[in-house]
Structure formats: C-alpha cells, structure tokens
Amino acid sequence: MGVKKKKTKEDFTKEAYMGIRRMFFLNEIIPGQKISYGDLAQRLNMSTTPVIQALKRLEFQGLVRHEPNRGYYTENISLKEITEIYEFRELIEVSLLPKTISSITKRGMNTLKKALDNHLDAVRDIYLKERLLKDMKFHLVLAKLSGSQIQINTLKSLFDLLYLKYRGNILFITPMETVDAEHIQLYEDIDAGNLEKAQAVLGRHISNVKKHAILSIEQMNREKNIKTI
Numbered sequence: 026m027g028v029k030k031k032k033t034k035e036d037f038t039k040e041a042y043m044g045i046r047r048m049f050f051l052n053e054i055i056p057g058q059k060i061s062y063g064d065l066a067q068r069l070n071m072s073t074t075p076v077i078q079a080l081k082r083l084e085f086q087g088l089v090r091h092e093p094n095r096g097y098y099t100e101n102i103s104l105k106e107i108t109e110i111y112e113f114r115e116l117i118e119v120s121l122l123p124k125t126i127s128s129i130t131k132r133g134m135n136t137l138k139k140a141l142d143n144h145l146d147a148v149r150d151i152y153l154k155e156r157l158l159k160d161m162k163f164h165l166v167l168a169k170l171s172g173s174q175i176q177i178n179t180l181k182s183l184f185d186l187l188y189l190k191y192r193g194n195i196l197f198i199t200p201m202e203t204v205d206a207e208h209i210q211l212y213e214d215i216d217a218g219n220l221e222k223a224q225a226v227l228g229r230h231i232s233n234v235k236k237h238a239i240l241s242i243e244q245m246n247r248e249k250n251i252k253t254i
C-alpha cells in the first residue's frame, strides 16, 4: 500500500482557490461584499495562509480587490465591464471559426454535438447553474476545436468573470428557446462548412445575450436605486 503524498503549500492554495470559486458560483459570495479571510478559512477548514494566497490570485483575475488596512472585497457589478466582456467574447469566438471549420474532423463534430446535447438536456431550474456550465462548455469546446490556445485561455478568463462575478439569473435571461435554436443552427452551419452563416449566427447569439444581460442589470440597478458604475 503506497504512502499518501503530503500536501504542499501549492496544493492548499489551489484547494482554497477552488473552494472560493465554488462559493462565488453558488452565490454564497456576492458583488460588493467584504470578505473575511478568517471566515473563509473556517468554512474551508484550513489556515488563513492558503486562503490569502487564493484571494491574491482572484484579485489578479479581477474578481476581488484589496484595500490596504481594510481587507478584501468583491468587485461591484459594472455595466461597462460586462459590455466589454461580451464584446471581447464575440471578437475572440467569431475569429476562431475559420480555423475550426477548416480543420474540424468527424471526431471534433462528435465532441461538439455531445456538448450541444448536454446543454439542451441541462436542468432548467430558476438558478440555471447547470445550464450556465453546459453553455460555457459548449462555447469552450467550439473554441478548443480551433487549436488556438492563447485565445482559448483568454476566453476561459472571460467566462470566469461572467459566471463567478455575475449571478446566473442576471446574465442568462435570454429566452431558452432562442439560445437553443441559435446553438443548434450554429452546429448545423459548422457541420455544413458554412463559415459565413456560422459567424453571423455566433455573433448574433453573443450580442443578443449581452443585450439581455445589460437590460437585466439596468433593471436591477433601478430597483435598488443605486448608481450604475
């Protein structure tokens, strides 16, 4: 029987980082909240050192900010930021389609079809958590088929900002039938090798989701009577 490997500092930091990410996704940490790393350490059942290191990593990603002598805070919702994220997403994803369509194999199409089916089959509850994850997976699978690693890594960071910082029921209010139809059409256009149509569908899809997200945040801000950042 092998000896169990002792965890390193990096292992604990990664564990803390993933635990805090999970709290973001489950809305246990919300925008504009002061973060107590002592409380996080207690909830994660570890010391404060890896938690602080994890928060520094999240600060680099733009999910939290550190104020000297005050501690860590989650960043507030920003219309400007969310608009830029969706615009950057559209730029990256649409630009990768030529590489994807020109090099995609039967195996690649099967992988994309599986991601599409998983999204269509996702549980559609009020919080949309599973649906959000499957939507992200579909878009990332499509991007990965291009083989452009730098753009893929950038896209992953954009999804982190969208799905960890902003609640799913704020972002994902585009009618489900519309999203489903656009994903299906996109798959069919890629399968047919129709680059022009695929780019048009994908650009329209991301632009449509952005529009609904902005409308939702504007409505939320009006209801809370807070000034838009």
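Under the working numbering, the first residue of the sequence shown carries the number 26, and numbering increases by one thereafter. By construction, the Cβ of each residue, glycine as well, lies at the ideal position given by its N, Cα and C atoms. Because the structure is a prediction, the values reported are computed rather than measured.
* Asked: Helix or strand or just coil, what does DSSP make of Y152?
  -> Taking the first residue of the sequence shown as position 1, residue 152 is located at position 127. Residue confidence is low: Y152 scores 47 on pLDDT, short of 50, so the model does not pin down where it sits. Its coordinate-derived value is still stated next. Note: Y152 maps to coil in three-state DSSP.
* So E92 is in the beta strand (DSSP E); what residue range does that whole segment cover? -> Taking the first residue of the sequence shown as 1, we reach residue 92 at position 67. DSSP places E92 inside the beta strand (DSSP E), whose first and last residues are V89 to E92.
* Are there 16 or more other CB atoms within 10 angstroms of the CB of S128, so buried, or fewer, so exposed? -> On the sequence shown, position 103 is the one that residue 128 refers to. Exposed, since its Cβ has fewer than 16 Cβ neighbours within 10 Å.
* **Inter-residue spacing [alpha-carbon to alpha-carbon] between R132 and L141** => As a working note, residue 132 is residue 107 in the sequence shown. As a working note, residue 141 is residue 116 in the sequence shown. Cα to Cα, R132 sits roughly 14 Å from L141.
* Asked: How many angstroms separate the CA atom of E100 from the CA atom of E92?
  -> Position 75 of the sequence shown holds residue 100. Position 67 of the sequence shown holds residue 92. Rounded to the nearest angstrom, the two C-alpha atoms are 11 Å apart.
* Asked: What residues match up with G96 in a beta bridge as DSSP calls it?
  -> Walking along the sequence shown from the start, residue 96 turns up at place 71. BP columns for G96 point to E92.
* Asked: CA-CA distance, V166 and L220?
  -> Working through the sequence shown from its first residue, we reach residue 166 at position 141. Working through the sequence shown from its first residue, we reach residue 220 at position 195. Looking at the two C-alpha atoms, the distance is approximately 17 Å.
* Asked: How many Å lie between L170 and G63 at the Cα?
  -> Looking up residue 170 in the sequence shown gives position 145. Looking up residue 63 in the sequence shown gives position 38. Going by the C-alpha atoms only, they are around 42 Å apart.
* **Buried or exposed (CB count within 10 angstroms, at least 16 for buried), P75** => The residue given as residue 75 occupies position 50 in the sequence shown. P75 is buried by the Cβ-count criterion.
* Taking G87 as the reference, which of N94, Y98 and I239 has the closest Cα? -> Mapped onto the sequence shown, residue 87 falls at position 62. Residue Y98 is the option with its Cα nearest to G87.
* **DSSP three-state assignment for K32, whether helix, strand or coil** => Translated into the one-based positions of the sequence shown, residue 32 becomes position 7. The answer is coil: DSSP assigns K32 none of H, G, I, E or B.
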